[in-house]
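Enquirer: The number in the numbering used here is simply the position in the sequence shown, starting from 1, with 7 added. We put the CB at the ideal spot given by N, CA and C, even for glycine. Right, I'll just put the structure down here and ask away after.
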Amino acid sequence: MPVRHYLQFRDFSLEEYEYLFARTGWIKDMFKRYVAYQPLRDRTLAMVFEKHSTRTRVSFEAGMHQLGGTVITLMTRDTQLGRGEPIEDVARVITRMVDIVMIRTFEQSIIERFAAHSRVPVVNGLTNEYHPCQILGDIYTYVEHRGSIRGRTVAWIGDSNNVCNTWLQAAETFDFNVHVSTPPGYEVEPERAGLYGTDHYEEFEDPAEAAAGADLITTDVWTSMGDESEGAQRRRDFEAWRVDERMMRAARKDALFMHCLPAHRGEEVTAGVIDGPQSVVWDEAENRLHVQKALMEYLLLGRVKTQGELWST
Ligand code: CP
Ligand code: NVA
């Protein structure tokens, strides 16, 4: 059996996501009832962070521990990676010693080079281009709150960054639509987003128009990790792309608000929206834990007997 990796959202089929969500529901329920479920005893997860993290680190670390395994966390600056060891050599070495690897890095090509030399599954914990584990959690959260996402409209307001690209890939897999509104100069690049086509998203100059009638409004920081030198310019360019109460009112009455976090209240979103009744950002963050436990179980053990029905996404 070839090793499976999770490097971008389109690596899995809709049917695999439905399986994963069914497992997530079961694993989450066990966790909430304090029932131990430890199928990954004696397994080791190595995490490599070339960028900062709070949620990704805690959710993978706690998740692997809860599944019975152990975790090694490597920060670039403490390892030989920080002194220029080739990523291919790092992959060859650490994947002889551990069972699964999660990497947060810069270009997608870095994680692809690592995966090409890995003996074990590799998971993308965020690259400049993609953040698949985030959208895995986000779609699970949407379905949990509102049912199937098929045919729904997601409004993306802000930068066409790694999180946006992943929403666009997910729209192709789950068959929903994305209304994207970015400032001029920050538009979607379909090739970089890794899309099969352009029929699952529409671009809007006016963010309020993108929000009109949406089932979900979502955004992210104006300046992603690695783009810090552009921060001041971006604050000027994105001023009209703040998700506020007026934008939420343009959406459907029961629309949800999501943000992958960390958030900057008063920049990309007002405090009233992120701390308001339509926001599900804390559920979104929590669900990273549950979906990633299902993901690690799937990558390491394949399909286990599914308790409960497949989710209708
Ligand atoms: N959303 C997310 O990935 O958060 P961290 O950067 O804190 O991991
Ligand atoms: N787009 C953001 C997401 C952080 C979770 C970044 O890459 O910094």
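Start and end of the alpha helix (DSSP H) containing A200?
Expert: Translated into positions along the sequence shown, residue 200 becomes position 193. First-last of the alpha helix (DSSP H) with A200: 197-200.
Enquirer: Among V97, S125, V161, W248, whose alpha-carbon lies nearest the alpha-carbon of D213?
Expert: Taking the first residue of the sequence shown as position 1, residue 213 is located at position 206. Residue W248 is the option with its Cα nearest to D213.
Enquirer: Between the C-alpha atoms of Q115 and R253, what's the straight-line distance to the nearest angstrom?
Expert: Here residue 115 corresponds to residue number 108 of the sequence shown, with the count starting at 1. Here residue 253 corresponds to residue number 246 of the sequence shown, with the count starting at 1. Going by the C-alpha atoms only, they are around 36 angstroms apart.
Enquirer: Exposed or buried, which one is W163 when buried takes at least 16 other CB atoms within 10 Å?
Expert: In the sequence shown, residue 163 corresponds to position 156, counting from 1. Label assigned to W163: buried.
Enquirer: Pop quiz: M71 and V78 are said to be a contact at Cβ under 8 angstroms. What is the actual Cβ separation, rounded to whole angstroms?
Expert: In the sequence shown, counting from the first residue as 1, residue 71 sits at position 64. In the sequence shown, counting from the first residue as 1, residue 78 sits at position 71. Contact flag correct, Cβ pair sits at about 5 angstroms.
Enquirer: Would K300 be called buried (16 or more neighbouring beta carbons within 10 Å of its own) or exposed?
Expert: Taking the sequence shown and counting its residues from 1, one reaches residue 300 at position 293. Per the 10 Å Cβ criterion, buried.
Enquirer: L81 lies in the beta strand (DSSP E); which residues open and close that run?
Expert: What you label residue 81 is simply residue 74 of the sequence shown in a count that begins at 1. Start and end: 77-82.
Enquirer: Between which two residues does the alpha helix (DSSP H) holding I34 run?
Expert: Here residue 34 refers to the residue found at position 27 when the sequence shown is read from its first residue. Taken as a continuous stretch (DSSP letters only), the alpha helix (DSSP H) holding I34 covers 21-39.
Enquirer: Report the partner residues of R241 according to the DSSP bridge assignment.
Expert: As a first step, residue 241 is located in the sequence shown; it is residue number 234 there, counting from the start. DSSP, once it has assigned bridges, lists no residue as partnering R241.
Enquirer: Using CA atoms only, rank isn't needed, just tell me which of T205, K312, H297, A257 is closest to L74.
Expert: The sequence position of residue 74 within the sequence shown is 67, counting from 1. Looking at the Cα atoms, H297 is the closest of the given residues.
Enquirer: Might you give, ordered along the chain, the residues of its own chain that have their beta carbon closer than 8 angstroms to the beta carbon of Y13, omitting 5 neighbours on each side?
Expert: As a working note, residue 13 is residue 6 in the sequence shown. Closer than 8 angstroms at the Cβ level, and outside the excluded window around Y13, lie F19, P128, V129, V130, N131, P139, C140, L302, L306.
Enquirer: Out of W33, V287, T51, T134, state which residue places its alpha-carbon closest to the alpha-carbon of D261.
Expert: By 1-based counting over the sequence shown, the position of residue 261 is 254. D261 has its Cα closest to that of V287, out of W33, V287, T51, T134.
Enquirer: Where do the ends of the beta strand (DSSP E) carrying S188 lie?
Expert: Position 181 of the sequence shown, counted from the start, is the residue given in the question as residue 188. It spans 184-188 - the beta strand (DSSP E) in which S188 sits, taken as one unbroken run.
Enquirer: Excluding sequence positions up to five away, which residues of its chain have a Cβ less than 8 angstroms from the Cβ of H152?
Expert: Your numbering for residue 152 matches position 145 in the sequence shown. So the qualifying residues of the chain are L263, V287, D290.
Enquirer: Tell me, to the nearest whole angstrom, how far the beta carbon of V250 is from that of V228; I am working on the premise that it is less than 8 angstroms.
Expert: If you number the sequence shown from 1, residue 250 lands on position 243. If you number the sequence shown from 1, residue 228 lands on position 221. With a Cβ gap of about 12 angstroms, V250 and V228 do not count as contacting.
Enquirer: Excluding sequence positions up to five away, which residues of its chain have a Cβ less than 6 angstroms from the Cβ of R295?
Expert: Along the sequence shown, read from residue 1 onward, the residue named residue 295 stands at position 288. Cβ within range, chain order: R62, S66, G144.
Enquirer: Could you tell me which residues DSSP pairs with T225 in its beta bridges?
Expert: Counting from 1 along the sequence shown, the entry for residue 225 is found at position 218. Answer by DSSP bridge pairing, in chain order: W163, M265.
Enquirer: Can you tell me whether T63 sits near ligand 1, meaning its C-beta is under 8 angstroms from at least one heavy atom of the ligand?
Expert: Against the sequence shown, residue 63 aligns to sequence position 56. True, at least one ligand heavy atom lies under 8 angstroms from that Cβ.
Enquirer: Which residue from T80, E92, F113, A123 puts its Cα closest to that of D105?
Expert: One-based indexing of the sequence shown puts residue 105 at position 98. Note that residue 105 corresponds to Val in the displayed sequence, not to Asp. The shortest C-alpha separation from V105 is found at T80.
Enquirer: Does at least one heavy atom of ligand 2 sit under 8 angstroms from the Cβ of M232?
Expert: As a first step, residue 232 is located in the sequence shown; it is residue number 225 there, counting from the start. True, at least one ligand heavy atom lies under 8 angstroms from that Cβ.
Enquirer: With the cut-off set at 9 angstroms, would you say Y26 and I146 are in Cβ contact?
Expert: Here residue 26 refers to the residue found at position 19 when the sequence shown is read from its first residue. Here residue 146 refers to the residue found at position 139 when the sequence shown is read from its first residue. Not closer than 9 angstroms, so no.
Enquirer: Check whether the Cβ atoms of S236 and A217 lie closer than 9 angstroms to each other.
Expert: As a first step, residue 236 must be located in the sequence shown, where it is residue number 229. As a first step, residue 217 must be located in the sequence shown, where it is residue number 210. No, Cβ-Cβ distance for S236 and A217 is not below 9 angstroms.
Enquirer: Is it buried or exposed for Q176, if we count other Cβ within 10 angstroms and need 16 for buried?
Expert: Counting from one through the sequence shown, the residue named residue 176 turns up at place 169. Counting Cβ neighbours within 10 Å, Q176 comes out buried, since at least 16 surround it.
Enquirer: Taking all protein chains shown into account, decide if V108 is buried (16 or more other Cβ within 10 angstroms of its Cβ) or exposed.
Expert: For the purposes of this step, residue 108 is identified with residue 101 of the sequence shown, where counting begins at 1. Flag for V108 reads buried.
Enquirer: Rounded to the nearest angstrom, how far is the Cβ of T51 from that of G76, given a contact under 8 angstroms?
Expert: Residue numbering aside, residue 51 sits at position 44 when the sequence shown is read from its first letter. Residue numbering aside, residue 76 sits at position 69 when the sequence shown is read from its first letter. Their Cβ separation, rounded to whole angstroms, is 6 angstroms, which keeps T51 and G76 in contact under 8 angstroms.
Enquirer: Let me know the secondary structure DSSP gives N135 once reduced to three states.
Expert: The residue given as residue 135 occupies position 128 in the sequence shown. N135: coil per DSSP, three-state reduction.
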